[in-house]
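Take a look at the structure below.
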Amino acid sequence: MDNSNCQVYEDEIQSLEEEIKQLAELYEDSQQESTFFSDEEILMSIKSFQREFRRESKGHQSDLKAQLESLERDLSFLMKFTGIQFTSHSKKTVEKTGNRTVQKHRLSGNCHSLSFQIEFQLLEMQNKENVSAVISDLSIVMESGEDSDMSKFVSSTEEHGNLVTLFRSLSSYAEWHEHRRRTFLHFK
Amino acid sequence: GVLTHLEMLEARAYEAAVKQEETEQQGEKLARLKERARELRRQRDELRAKVELQQKGQGGKEGALSDPAQPSARAVLEWKIKSLKAMLQMFYLTGISGKLTKRGVCFCVSTAYEGTYLDSYHLDLLTQPEVQIYRHSVPTFIPLEQVAKKYLQTDIRRFLSVLSDHLNAYAGRRYQADQLQEHFSDQLEGTLQRNSLCNLLVFNYHVSNQSETFLFNVRLLYGDLCCCLPTEVTVSCTPGAPACLAATAAAHSDLFRRTALHKAFRSFRRAEENVD
Numbered sequence: 001m002d003n004s005n006c007q008v009y010e011d012e013i014q015s016l017e018e019e020i021k022q023l024a025e026l027y028e029d030s031q032q033e034s035t036f037f038s039d040e041e042i043l044m045s046i047k048s049f050q051r052e053f054r055r056e057s058k059g060h061q062s063d064l065k066a067q068l069e070s071l072e073r074d075l076s077f078l079m080k081f082t083g084i085q086f087t088s089h090s091k092k093t094v095e096k097t098g099n100r101t102v103q104k105h106r107l108s109g110n111c112h113s114l115s116f117q118i119e120f121q122l123l124e125m126q127n128k129e130n131v132s133a134v135i136s137d138l139s140i141v142m143e144s145g146e147d148s149d150m151s152k153f154v155s156s157t158e159e160h161g162n163l164v165t166l167f168r169s170l171s172s173y174a175e176w177h178e179h180r181r182r183t184f185l186h187f188k
Numbered sequence: 001g002v003l004t005h006l007e008m009l010e011a012r013a014y015e016a017a018v019k020q021e022e023t024e025q026q027g028e029k030l031a032r033l034k035e036r037a038r039e040l041r042r043q044r045d046e047l048r049a050k051v052e053l054q055q056k057g058q059g060g061k062e063g064a065l066s067d068p069a070q071p072s073a074r075a076v077l078e079w080k081i082k083s084l085k086a087m088l089q090m091f092y093l094t095g096i097s098g099k100l101t102k103r104g105v106c107f108c109v110s111t112a113y114e115g116t117y118l119d120s121y122h123l124d125l126l127t128q129p130e131v132q133i134y135r136h137s138v139p140t141f142i143p144l145e146q147v148a149k150k151y152l153q154t155d156i157r158r159f160l161s162v163l164s165d166h167l168n169a170y171a172g173r174r175y176q177a178d179q180l181q182e183h184f185s186d187q188l189e190g191t192l193q194r195n196s197l198c199n200l201l202v203f204n205y206h207v208s209n210q211s212e213t214f215l216f217n218v219r220l221l222y223g224d225l226c227c228c229l230p231t232e233v234t235v236s237c238t239p240g241a242p243a244c245l246a247a248t249a250a251a252h253s254d255l256f257r258r259t260a261l262h263k264a265f266r267s268f269r270r271a272e273e274n275v276d
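Chains A and B are the protein sequences, given in the same order.
Take the first sequence: its position 138, counted from the start at 1, is 138 in the UniProt record's numbering, and no numbers get skipped.
Take the second sequence: its position 17, counted from the start at 1, is 17 in the UniProt record's numbering, and no numbers get skipped.
Spelled out as structure tokens, the structure:
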């Protein structure tokens with residue numbers, strides 16, 4: 001019957017369109033994740049971008065530069081404010097289907113003076129109103145790993161924790177450490 | 001007579017023509033849909049191949065970008081913007097993130113329980129003439145004013161971390177109660193009573209003793225608002241229950257003090273399954 005055939009094709013078309021959209025996003029994400037441009041290359045691009053569009057009087061061409069600068073200001077503020085300096089971040093999208101995105105992240109930096117390197121898997125699910133996030137397979141390497149308190153804390157956080165507990169505790173620990181160091185200096 | 005007969009023939013011919021047109025249109029529509037589906041299938045397969053190639057490994061910059069020529073300045077900037085946004089998302093995961101505004105900062109405090117991220121809350125702060133909270137989405141039962149009075153002027157960092165402790169503990173308590181209702185409702189009897197702050201929970205649950213089932217009543221008070229575990233636990237059995245249940249009640253009471261609510265119930269279920 002023609003009607004049901006139409007329906008079959010319409011369903012297939014809808015699912016194909018969805019699949020194409022996800023594949024395109026996955027492709028873009030992977031492009032993003034496998035590319036790297038140094039700060040010099042970024043600076044050069046800003047200059048050349050401004051030259052390219054100087055003649056045109058459209059407002060939007062400066063938006064990219066403004067957006068870039070605004071994001072950099074926010075990031076720089078957060079790093080100074082929280083004491084968490086991320087020195088490198090890489091991620092890889094390993095799955096993107098339906099409303100699920102799974103990414104593997106690697107993040108290194110310092111929290112006050114404590115160096116860390118963490119890896120985790122992030123699952124994000126898009127539902128009606130927001131995106132839910134779940135972290136798993138958390139692996140934490142701390143530079144000052146010999147400290148027994150630190151290693152106990154690290155393995156407990158790896159098992160049940162999240163980045164909120166991790167950084168909260170690192171900040172407290174770093175504060176205490178710093179306080180102790182200053183106290184010792186005082187007595188030298 | 002003849003006229004009526006003619007009218008009837010005309011009407012039938014008209015109907016037949018309309019039907020014929022409908023069938024033709026259906027046929028055309030079907031053909032169009034078939035063609036579109038085929039085109040989309042081709043696009044999909046092409047993309048799949050592209051993605052597969054990408055996953056297999058890229059040969060440096062040449063493979064990383066669709067055209068091996070120098071990327072445009074715009075593409076480079078767009079790349080950088082995306083990577084900065086990804087970095088900001090990492091801050092979200094650490095619990096404190098935000099963005100600078102014209103008159104101050106808008107902070108975002110995120111909450112999580114174990115690996116699951118829960119609600120996040122915003123605080124729009126003004127920094128001139130002194131630090132003040134302009135707007136926020138913190139629920140009214142969280143002692144925001146108290147915490148602000150103590151720390152906002154002198155130590156914004158401490159203000160946010162204390163607030164984060166409150167919010168995370170509240171989110172954790174709520175999560176446990178939600179998990180209990182969602183996954184262990186078969187063990188519960190009646191409704192779980194809780195207050196907005198989720199620091200007082202009262203409910204009844206079933207406890208089986210060989211062949212009989214009894215009802216335990218629990219009252220959990222979380223006296224420390226920055227903590228996800230209760231400070232006071234009262235477990236009582238229905239009056240007239242056998243004496244041996246008192247030991248079970250004490251054991252459960254101890255468990256609730258030490259373990260997350262939903263995990264405690266998970267262990268009850270496992271114990272029951274083992275007996276069966």
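Virtual Cβ for every residue (Gly too), placed ideally from N, Cα, C.
Computed from a predicted structure; not experimentally measured.
Next on the checklist: In this structure, how does DSSP classify residue 64 (chain A) when only helix, strand and coil are distinguished?
Outcome noted: Counted from its first residue, the first sequence places residue 64 (chain A) at position 64. Residue state, collapsed to three classes: helix.
Next on the checklist: Please report the straight-line C-alpha distance between residue 46 (chain B) and residue 134 (chain A), rounded to a whole angstrom.
Outcome noted: Counting from one through the second sequence, the residue named residue 46 (chain B) turns up at place 46. Counting from one through the first sequence, the residue named residue 134 (chain A) turns up at place 134. When only Cα atoms are considered, residue 46 (chain B) and residue 134 (chain A) end up about 32 Å apart.
Next on the checklist: What are the residues in the region 133–151 of chain A lying within 8 Å of chain B by C-beta distance?
Outcome noted: Cβ contacts with chain B come from 133, 134, 135, 136, 138.
Next on the checklist: Do residue 45 (chain A) and residue 37 (chain A) have their beta-carbon atoms positioned less than 9 Å apart in this structure?
Outcome noted: Position 37 of the first sequence holds residue 37 (chain A). Position 45 of the first sequence holds residue 45 (chain A). Contact flag set, yes.
Next on the checklist: Just to confirm, is the Cβ distance from residue 249 (chain B) to residue 237 (chain B) under 9 Å?
Outcome noted: Indexing the second sequence from 1 puts residue 249 (chain B) at position 249. Indexing the second sequence from 1 puts residue 237 (chain B) at position 237. Closer than 9 Å, so yes.
Checklist entry - So with Cβ pairs under 9 Å, would you call residue 138 (chain B) a contact of chain A? => result Here residue 138 (chain B) corresponds to residue number 138 of the second sequence, with the count starting at 1. Not closer than 9 Å to any Cβ of chain A, the Cβ of residue 138 (chain B) fails to qualify, so no.
Next on the checklist: Relative to the C-alpha of residue 24 (chain A), which candidate in B:48, B:38, B:29 has its C-alpha closest?
Outcome noted: In the first sequence, counting from the first residue as 1, residue 24 (chain A) sits at position 24. The candidate whose alpha carbon is nearest that of residue 24 (chain A) is B:48.
Next on the checklist: With distance defined between alpha-carbon atoms, name the residue in A:129, A:185, A:121, A:187 nearest to residue 162 (chain A).
Outcome noted: Numbered from 1 along the first sequence, position 162 holds the residue referred to as residue 162 (chain A). Nearest of A:129, A:185, A:121, A:187 to residue 162 (chain A), Cα basis: A:121.
Checklist entry - Is the CB of residue 27 (chain A) under 9 Å away from at least one CB in chain B? => result Along the first sequence, one-based indexing puts residue 27 (chain A) at 27. Chain B, which has a Cβ nearer than 9 Å to the Cβ of residue 27 (chain A), makes this yes.
Next on the checklist: Does residue 101 (chain A) pass the burial test, meaning 16 or more other C-beta atoms within 10 Å, or should it be called exposed?
Outcome noted: For the purposes of this step, residue 101 (chain A) is taken as the residue at position 101 of the first sequence. Residue 101 (chain A) is buried by the Cβ-count criterion.
Checklist entry - According to DSSP, is residue 224 (chain B) helix, strand or coil? => result By one-based count along the second sequence, residue 224 (chain B) stands at place 224. If DSSP states are grouped into helix, strand and coil, residue 224 (chain B) belongs with coil.
Checklist entry - If you measure from the beta carbon of residue 12 (chain A) to each beta carbon in chain B, is any gap under 9 Å? => result Residue numbering aside, residue 12 (chain A) sits at position 12 when the first sequence is read from its first letter. Taking Cβ atoms only, chain B reaches closer than 9 Å to residue 12 (chain A), which makes this a yes.
Next on the checklist: Is the separation between the beta-carbon of residue 171 (chain B) and that of residue 194 (chain B) shorter than 9 Å?
Outcome noted: If you number the second sequence from 1, residue 171 (chain B) lands on position 171. If you number the second sequence from 1, residue 194 (chain B) lands on position 194. The Cβ atoms of residue 171 (chain B) and residue 194 (chain B) lie no closer than 9 Å to each other.
Checklist entry - What are the residues that DSSP puts in a beta bridge with residue 102 (chain A)? => result Taking the first residue of the first sequence as 1, we reach residue 102 (chain A) at position 102. Answer is A:95, A:123, bridged to residue 102 (chain A).
Checklist entry - Would a check of beta-carbon distances place residue 65 (chain A) closer than 9 Å to chain B? => result For the purposes of this step, residue 65 (chain A) is identified with residue 65 of the first sequence, where counting begins at 1. Cβ-Cβ to chain B under 9 Å: yes for residue 65 (chain A).
Checklist entry - Quick one: Cα of residue 107 (chain A) to Cα of residue 114 (chain A), how far? => result Here residue 107 (chain A) refers to the residue found at position 107 of the first sequence. Here residue 114 (chain A) refers to the residue found at position 114 of the first sequence. In a straight line, the C-alpha of residue 107 (chain A) is about 14 Å away from that of residue 114 (chain A).
Next on the checklist: Please give the ranges of any beta strand (DSSP E) in the region 138–183 of chain B, keeping only runs that are unbroken, at least 3 residues long and fully inside the region.
Outcome noted: none
Item to check | Cβ neighbours of residue 108 (chain B) in the same chain (closer than 6 Å, five flanking residues each side left out) | outcome: In the second sequence, the residue the question calls residue 108 (chain B) occupies position 108. Contacts found: 97, 98, 120, 122.
Next on the checklist: Please list the terminal residues of the continuous alpha helix (DSSP H) segment that includes residue 186 (chain B).
Outcome noted: Taking the first residue of the second sequence as 1, we reach residue 186 (chain B) at position 186. Neither: residue 186 (chain B) is in no alpha helix (DSSP H) and is coded neither H nor E.
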